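>
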Amino acid sequence: MMKITRLALVGLLVAFVAAQFFRSPRNAGTAEGPSSVGAVHPVPAGVRQILARACYDCHSNATRYPWYAAVQPVGWGLNHHVTEGRRELNFSEFAAYDARRAVRKLRHVADEVSERKMPLKSYLLLHREARLTAADIALVSRWAEELADRLESR
Numbered sequence: 048m049m050k051i052t053r054l055a056l057v058g059l060l061v062a063f064v065a066a067q068f069f070r071s072p073r074n075a076g077t078a079e080g081p082s083s084v085g086a087v088h089p090v091p092a093g094v095r096q097i098l099a100r101a102c103y104d105c106h107s108n109a110t111r112y113p114w115y116a117a118v119q120p121v122g123w124g125l126n127h128h129v130t131e132g133r134r135e136l137n138f139s140e141f142a143a144y145d146a147r148r149a150v151r152k153l154r155h156v157a158d159e160v161s162e163r164k165m166p167l168k169s170y171l172l173l174h175r176e177a178r179l180t181a182a183d184i185a186l187v188s189r190w191a192e193e194l195a196d197r198l199e200s201r
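Position one of the sequence shown corresponds to residue 48 (my numbering), numbered consecutively onward.
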C-alpha cells in the first residue's frame, strides 16, 4: 500500500513538472489602440481608470498576469478564463462591434457592475485593487447607459 502511494505521488510530481513545459499563449497586446472603446467613444478619465484596474485583465488585449499564471495547470485555467472574458467583451476591439452589439454590451456592463456580478468574486479574492466602490459602480453604470442611449439614438 505504501509503495502504491509513493508511486502515485512520484507520478503526480512528474506530471506537474512536465506540465510546466506546456504553457498557454499570453494576451500581451495593448488596451488602448485604434479599435479600443476610448478611440471611438468618449470615456471619461475616471471611467477609464476603473476599467483599467477592474476590467481590462479579462476584457482587453492587455492582461497583467500575476506570478501564479506561470504555474501550470493554473496558467491554463487562467488563460481559458481570459479568452472567454475577451470573447464576451473586448474593450480593445470595441470599434469592431456594430451599433446594436455595442449597445447590448454596454447595457450588459451596466447591469453586471450594478448587480456586483463583475468583477468576478474569484478575481477579487486575489486582486483587491479591482474592488469597486459604490461611486465606481455608479460612474461606470452611468457612463455605459449614457453611451448606449447615445448609440441607440443614432
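All C-beta atoms in this analysis are idealised placements derived from N, C-alpha and C, irrespective of residue type, glycine included.
Note that the structure is predicted; figures quoted are calculated from it, not measured.
1) Whose CA, out of L173, G85, D196, lies closest to the CA of A116?
2) I need the DSSP call for N126, collapsed to helix, strand or coil.
3) What does the alpha-carbon distance come out to for the pair A185 and S161?
4) Between N108, D183, A146, which has its C-alpha nearest R163's C-alpha?
5) Return the residue from the list S139, E193, P113 that minimises the CA-CA distance to Y103.
6) Tell me which residue opens and which closes the alpha helix (DSSP H) that R95 is part of.
7) In three-state DSSP terms, what is T52?
8) Let me confirm a value: W190 is counted as buried when at least 16 other C-beta atoms fall within 10 Å, else exposed. Which label applies?
9) Quick check on DSSP: helix, strand or coil for S188?
In short:
1) Translated into the one-based positions of the sequence shown, residue 116 becomes position 69. Of the listed residues, the one whose Cα sits closest to A116 is L173.
2) As a first step, residue 126 must be located in the sequence shown, where it is residue number 79. Taken through DSSP and simplified to helix, strand or coil, N126 comes out as helix.
3) Numbered from its first residue, the sequence shown carries residue 185 at position 138. Numbered from its first residue, the sequence shown carries residue 161 at position 114. Looking at the two C-alpha atoms, the distance is approximately 7 Å.
4) Position 116 of the sequence shown, counted from the first residue, corresponds to residue 163. When each option's Cα is compared against that of R163, the closest is D183.
5) Residue numbering aside, residue 103 sits at position 56 when the sequence shown is read from its first letter. Closest by C-alpha distance to Y103, out of S139, E193, P113, is S139.
6) Residue mapping note: residue 95 aligns to position 48 of the sequence shown, counting from 1. First-last of the alpha helix (DSSP H) with R95: 92-101.
7) Numbered from 1 along the sequence shown, position 5 holds the residue referred to as residue 52. If DSSP states are grouped into helix, strand and coil, T52 belongs with the helices.
8) Residue numbering aside, residue 190 sits at position 143 when the sequence shown is read from its first letter. W190 is buried by the Cβ-count criterion.
9) Here residue 188 corresponds to residue number 141 of the sequence shown, with the count starting at 1. Of the three classes helix, strand and coil, the one that applies to S188 here is helix, per DSSP.
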